[in-house]
Ligand SMILES: [Zn+2]
Ligand SMILES: [Zn+2]
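Numbering (the numbering used here), first residue to last: 5 to 149.
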């Protein structure tokens with residue numbers, strides 16, 4: 005069982021909720037699909053093994069996971085519809101992304117300088133920064149050839 009599924013099961017149990025088969029499949033798909041799937045991609049994937057699934061269950065489950073801090077929603081500009089949410093199961097807090105505009109591959113990274121930018125901004129403006137997300141766009145080594 006993956007870490008995400010384990011954590012979600014634990015949270016459900018502590019609140020008297022139930023881990024339904026559909027929730028379980030959605031959680032598994034997040035881990036299997038890896039790189040930041042959209043709700044539509046999750047729906048298409050899980051529907052193959054469970055034709056009774058509907059898209060609103062996928063959305064509800066993802067919003068719940070988001071509220072619990074188990075996934076975070078991201079917006080990447082390669083989506084034609086810019087409102088498309090992509091769901092990120094990997095260490096949701098403050099990590100950043102490079103996106104290859106050609107092959108759409110996503111590389112995650114962390115850099116403490118970004119934390120410094122956040123702190124400096126807070127000091128200068130007295131704003132409370134809730135989260136930081138940096139997205140770099142360009143070409144990966146393969147696509148530069
Ligand atoms: Zn990510
Ligand atoms: Zn590429």
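Note that beta-carbon positions come from the ideal geometry of N, C-alpha and C, so glycine has one too. Keep in mind that this is a model prediction, so the values were computed, not measured.
Is residue i helix, strand or coil when you go by DSSP?
i           : result
residue 138 : coil
residue 18  : helix
residue 143 : coil
residue 13  : helix
residue 149 : coil
Can we count residue i as close to ligand 1, meaning its CB is less than 7 Å from some heavy atom?
i           : result
residue 99  : yes
residue 89  : no
residue 40  : yes
residue 112 : yes
residue 92  : yes
With which residues is residue i paired in a DSSP beta bridge?
i          : result
residue 42 : 90
At a threshold of 7 Å, does residue i count as lining ligand 2 (C-beta to nearest heavy atom)?
i           : result
residue 143 : yes
residue 130 : no
residue 120 : no
residue 18  : no
residue 25  : no
residue 106 : yes
residue 115 : no
residue 123 : no
residue 33  : no
residue 58  : no
### Task
List in chain order: all unbroken alpha helix (DSSP H) runs of 4+ residues lying wholly within the segment 50–129.
As far as the segment 50–129 is concerned, its whole alpha helix (DSSP H) runs of at least 4 residues are 59–71 and 116–129.
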